[in-house]
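Participant: Handing you a structure now.
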Amino acid sequence: MTNSAFAFTISSIPFDEDYRPADHTRITTNFANLARGDCRRENLRNTLAMIDNRFNSLMPWDNPAGDRYAVELAIVTAGLTVGTRDGAETLPLIEILAATVVDRRTGERFDGMVGNNLSSYVRDYDFSVRLADHLREQPDGGAPEGFGELHGNLFKRLLASGAYRERFAKPPVVCLSVSSRETYRRTANAHPILGVEYGAERPSRTDDYFARMGMRARYFLPPGGVAPLAFYHLGDLTGDYSNGELASTVAVMETFQKIYRPEIYNANSPAAEHYRPSLTWQDYSLTRIVYDRDERSRLAVEQGRFAEQHVIKPLGAQLERWSATADL
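Numbering (the working numbering), first residue to last: 732 to 1059.
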């Protein structure tokens, strides 16, 4: 198969209270988990309200009632088209969220952050299948050789593609939970939206994985938050993005983390100067949103196996050659 047989496509659908996951959507993603079951509409409505309220709390000037802004979200799917003829197949590869901020007072709309959540079939395979199998055989062996290289190169190629550049003016920022395996220390640096910066004693496995994607990590505890978030970015996080863009990713991802990791992000006490998060803490509050974390972990393995069957085994060698020869 030649290099020209691979190409990226970009599609999107709104994430609102009417959202229903498409058949090809990775059902381990944050947004798809919320949109299933008897409580789906209430889940979505409450989540979107939490995001709006958090955004307004971060943008309080000329906003006395705390309701001036609304955040609209779109689920963006990057697909990989394989083949050049009529029988070409498009495989869903990566999903991210793109935010748009609406000023209810003026009617103006402006770009929020693109990125936020990152969901990837290949990443599911790497962590839930490849790494898990490796650690069963070598419990103290670290990560497998070349761990994350294919995913990192595919991600870089996506950002360099015409499909991405025609749609988005800036590279994405991905915001995740800090690692429960690492310790973080508060610094004197502070940002008006991102909050107080923390430093990590050493890179986490996720940090190393994102480094393969060309992204580096910074950790901030936003104003009014209780735990630092990990921001993975290219370029200058605090210089390349507006306050509105940064506020949108804090609002979106802190909301998701309060739902999915309440032990850390909905704790009743804020992070100390030296901070090591734990999912075993009991001093936390629950949101009113229904979520099954055990099911999500099981589905991650299932979708990792899906990636192994449909992407890695049939296309892995060709994808590695194609992704590694790109001018990145």
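Quick reminder that beta carbons are idealized off the backbone N, C-alpha and C, glycines included.
1) How would you write the range of the alpha helix (DSSP H) that Glu1068 sits in, first residue to last?
2) Could you name the residues of the same chain whose beta carbon sits closer than 8 Å to that of Lys989, not counting the 5 residues immediately before and after it, in chain order?
3) For a quick check, are the C-beta atoms of Tyr750 and Leu775 less than 8 Å apart?
4) Assuming Phe858 and Ser979 form a contact by the criterion Cβ under 8 Å, report the distance between their Cβ atoms to the nearest whole angstrom.
5) Would you decide whether Gln1034 is buried or exposed? Buried here means 16 or more other CB atoms lie within 10 Å of its CB.
6) Going by DSSP, what residue range makes up the alpha helix (DSSP H) through Arg943?
7) Does the segment 922 to 932 come close enough to the segment 869 to 883 that 3 or more CB-CB pairs lie under 8 Å?
8) Taking the alpha helix (DSSP H) that Pro745 belongs to, which residues open and close that run?
9) Would you kindly work out how many angstroms separate the C-alpha atoms of Arg916 and His1005, rounded to a whole number?
10) Tell me where the beta strand (DSSP E) around Asn848 begins and ends.
11) If you follow the beta strand (DSSP E) that Tyr996 is in, where does it begin and where does it stop?
12) Could you check the C-alpha separation between Asp971 and Lys901 for me, to the nearest Å?
13) Which word fits Arg840, buried or exposed, when buried means at least 16 other C-beta atoms lie within 10 angstroms of its C-beta?
Facilitator: This is what the structure gives:
1) The structure shown has nothing for residue 1068, since the chain only spans 732 to 1059.
2) Within the sequence shown, numbered from 1, the residue matching residue 989 stands at position 258. Result list for Lys989: Met781, Tyr996, Asn997, Thr1018, in chain order.
3) The residue you call residue 750 lines up with position 19 of the sequence shown. The residue you call residue 775 lines up with position 44 of the sequence shown. Yes, the pair counts as a contact, with Cβ atoms nearer than the cut-off.
4) Numbered from its first residue, the sequence shown carries residue 858 at position 127. Numbered from its first residue, the sequence shown carries residue 979 at position 248. Going by Cβ atoms, the distance from Phe858 to Ser979 rounds to 27 Å, so no, they are not a contact pair.
5) Position 303 of the sequence shown, counted from the start, is the residue given in the question as residue 1034. Gln1034 comes out buried.
6) Taking the first residue of the sequence shown as 1, we reach residue 943 at position 212. 936 to 943 is the span of the alpha helix (DSSP H), which, as asked, contains Arg943.
7) no
8) Counted from its first residue, the sequence shown places residue 745 at position 14. Not the alpha helix (DSSP H): Pro745 falls in the beta strand (DSSP E), residues 737 to 746.
9) Start at 1 with the first residue of the sequence shown, and residue 916 comes out as number 185. Start at 1 with the first residue of the sequence shown, and residue 1005 comes out as number 274. Rounded to the nearest angstrom, the two C-alpha atoms are 5 Å apart.
10) On the sequence shown, residue 848 is found 117 positions in, with the first residue counted as 1. Start and end: 840 to 851.
11) Working through the sequence shown from its first residue, we reach residue 996 at position 265. Note, Tyr996: premise wrong, no beta strand (DSSP E); alpha helix (DSSP H) at 993 to 996.
12) Mapped onto the sequence shown, residue 971 falls at position 240. Mapped onto the sequence shown, residue 901 falls at position 170. Straight-line Cα distance between these residues: approximately 8 Å.
13) Indexing the sequence shown from 1 puts residue 840 at position 109. Exposed is the call here.
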